[in-house]
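Here the structure comes first, spelled out in structure tokens, and everything after it is commentary.
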Amino acid sequence: MFSRGTPVRKSYLGEAVPQGFAQGANVSFDTTTTFTVSPGSLYINGKYRSNSATVTVPSTADDPANGLSGAVTTIGASATNNVYAVADQDSVKTFSISYGTATTGLTNYRKIGSIKTDINSHFTSRDFFTIHSVNNKEVAGGWVRFDGTGTININDAYNVASLTDNGTGDYTITWDTDFSSVNYAVAGMAYGATCGGYLSITAQAVGTIQIINMNTFGLGAEDSAIITLIALGDQ
Amino acid sequence: MKVRIYTMKKIIVLIGFLSICSFAWAVDVDRYAVEREDGGVSIVSYVKGSTKSFEKVLEDNGLSGRPITALSDADIPKTRADRKYWKMSGKKIVINEFEKQEDLLKAQQLESDKTAILEKLKISKEEYAKLNQKSITASVN
Chain V
681 MFSRGTPVRK SYLGEAVPQG FAQGANVSFD TTTTFTVSPG SLYINGKYRS NSATVTVPST
741 ADDPANGLSG AVTTIGASAT NNVYAVADQD SVKTFSISYG TATTGLTNYR KIGSIKTDIN
801 SHFTSRDFFT IHSVNNKEVA GGWVRFDGTG TININDAYNV ASLTDNGTGD YTITWDTDFS
861 SVNYAVAGMA YGATCGGYLS ITAQAVGTIQ IINMNTFGLG AEDSAIITLI ALGDQ
Chain F
11 MKVRIYTMKK IIVLIGFLSI CSFAWAVDVD RYAVEREDGG VSIVSYVKGS TKSFEKVLED
71 NGLSGRPITA LSDADIPKTR ADRKYWKMSG KKIVINEFEK QEDLLKAQQL ESDKTAILEK
131 LKISKEEYAK LNQKSITASV N
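Protein sequence lines, in the order shown, are assigned to chains V and F. Per our numbering, the first sequence runs over residues 681 to 915. Per our numbering, the second sequence runs over residues 11 to 151.
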């Protein structure tokens, strides 16, 4: 049964079985001055970064391009700061950690969590897990598989709010969460009952995509028992 | 006799299992017919539990403000052969027989015109079909 559960784009850096593009890396801190990053790999803003050994990163040194942390150099009391994995060390291809309320000084980074301090400026937890450990551009923003014959039946889908049957072989998919621009990529295939079965876009908007399932030699539209479509892009 | 009953039981269990599976594979939707400005009917299958509202879905599809009818599967024709002639009749979708007949007559007229031209050119329908096929293949290649 289709259900709308936890978004697939969120996973945990320190989980027992690492998923996707965050493999093994676990960020922890046992003092108020140092982050410890265990070995692992990450995709950060399209750059692959891997640390093969445990790295300690001073939290107050503001030099992320050289593997040192610190979008802020002073740890404030009772504050919440974002924590970023940073890929600005192009020469060594490893990643460091930075944190702060802004991303000043950072070029290639990915937000992996947030960290709080108490009234004594001490971190209030020891480990943290990530958010957005997989970049939006790296996974599907939406997909659908449906049967266009008889009464239209959505077999399974992700991020689809509706499917509109406009006519023979003519369908509009409405995304549950819109893409941030119309520059998202779409690919699809269909079962061709009469040797056609390829899809053509007739209209694309941030919230919808209208397609035609073409029949033999593209001479017209036809319904098909299997139509699949996948879309990738920023949301 | 016992073997037959046992076999029948197995078939019934299998059919039951397949029915449950086919239902379980489908996404749960509400269906609505929306009468478009061009006279056609769009069937919107709205996924239950979507965060996007049905009103926003209609807006995204350019169907805001059009007449809407909630449908059950029984209100939709089982075959899509006449999909282009679908129209609303009360709460059901029916085939627009008048429009269908008009198109049929037009097609028949076209066919008879074609036959007349082929006769003038002294080409048989089979020869014309072969020529047409070659032309399509050439344009694709």
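Heads up, the beta-carbon is just placed ideally off N, CA and C, and yes, glycines get one too.
Put simply, the backbone Cα of Val819/V is about 14 Å away from that of Leu909/V.
For Thr125/F, the enclosing alpha helix (DSSP H) starts and ends at 107-131. In summary, Lys135/F is exposed, with fewer than 16 beta-carbon neighbours lying within 10 Å of its beta-carbon over all protein chains present. Where Asp845/V is concerned, the enclosing beta strand (DSSP E) starts and stops at 840-847. With distances taken between CA atoms, Ser74/F lies nearest to Glu47/F out of Lys116/F, Glu109/F, Glu47/F. Approximately 24 Å separates the beta-carbon atoms of Thr829/V and Trp855/V; this is outside 8 Å, ruling out the contact. Note that the C-beta distance between Val44/F and Ala841/V is not below 8 Å. The DSSP assignment places 865-870, 878-884, 888-894 as complete runs of the beta strand (DSSP E) inside the region 857-905 of chain V, in order along the chain (cut-off: 3 residues).
Per the C-alpha coordinates, the member of Ser861/V, Gly877/V, Asn863/V, Ala837/V positioned closest to Ile853/V is Ala837/V. C-alpha of Ala91/F to C-alpha of Thr831/V: approximately 12 Å in a straight line.
By the C-beta density criterion, Thr804/V is exposed, having fewer than 16 other C-beta atoms within 10 angstroms. At a cut-off of 8 Å between C-beta atoms, Ser122/F does not count as an interface residue with respect to chain V. Listed in chain order, the non-local C-beta contacts of Phe826/V below 7 Å within the same chain comprise Ile832, Asn833, Ile834, Asn835, Leu843, Ile907, local neighbours out to five positions each way being set aside.
For Phe803/V, there is no enclosing alpha helix (DSSP H), as DSSP marks it with neither H nor E.
Taking each of His802/V, Ser776/V, Asn800/V, Asp798/V in turn and checking the Cα distance to Arg790/V, the smallest one comes out for Ser776/V.
The shortest CA-to-CA distance from Phe715/V to any of Ala765/V, Ile724/V, Tyr878/V is the one to Ala765/V. Apart from the 5 residues on each side of it in sequence, Asn71/F has no Cβ closer than 6 Å to any other Cβ in its chain. Note on geometry: alpha-carbon atoms of Leu120/F and Val37/F lie some 44 Å from one another. In the displayed model, Leu722/V falls within a strand according to three-state DSSP. Excluding its 5 nearest sequence neighbours in each direction, Lys101/F has C-beta neighbours in its own chain below 7 Å: Thr79, Asp85, listed in chain order. The contact set of Thr852/V on chain F, defined by CB atoms closer than 7 Å, consists of Asn71 in chain order. Under the 8 Å criterion on CB atoms, Gly75/F is classed as non-interfacial with respect to chain V. Spatial neighbours of Asp798/V in its own chain (CB-CB distance under 8 Å, excluding positions within 5 residues in sequence) are listed in chain order as Ala757, Ser758, Thr804. By the rule that beta-carbons nearer than 8 Å mark a contact, Lys101/F does not touch chain V. For the 8 Å CB-CB criterion, Ala767/V and Asn788/V form a contact. Against chain V, a Cβ distance below 7 Å from Ile133/F picks out nothing, because the smallest value is about 22 Å.
Cα atoms of Lys110/F and Val104/F: separation of roughly 12 Å, rounded to the nearest angstrom. Look at Leu843/V: its C-beta is under 8 Å from a C-beta on chain F. Inter-residue distance for Ser55/F and Phe64/F is about 10 Å (C-alpha atoms, whole angstroms). Residues of the region 823-849 of chain V with a Cβ closer than 7 Å to any Cβ of chain F, in chain order: Thr829, Gly830, Thr831, Ile832, Asn833, Ile834, Asn835, Asp836, Ala837, Val840, Ala841, Ser842, Leu843, Thr844, Asp845, Asn846, Gly847, Thr848. Counting along the chain, Lys66/F sits inside the alpha helix (DSSP H) bounded by residues 64-70. Pairing Lys796/V with Thr760/V gives a Cβ-Cβ distance under 8 Å.
Taking every protein chain shown into account, the CB of Lys58/F has fewer than 16 other CB atoms within 10 angstroms, so this residue is exposed.
Taking a C-beta distance under 8 Å as the contact criterion, Tyr864/V and Gly821/V qualify as a contact pair. In chain order, Gln890 place their CB closer than 6 Å to the CB of Ala883/V, counting only its own chain and leaving out the 5 sequence neighbours on each side.
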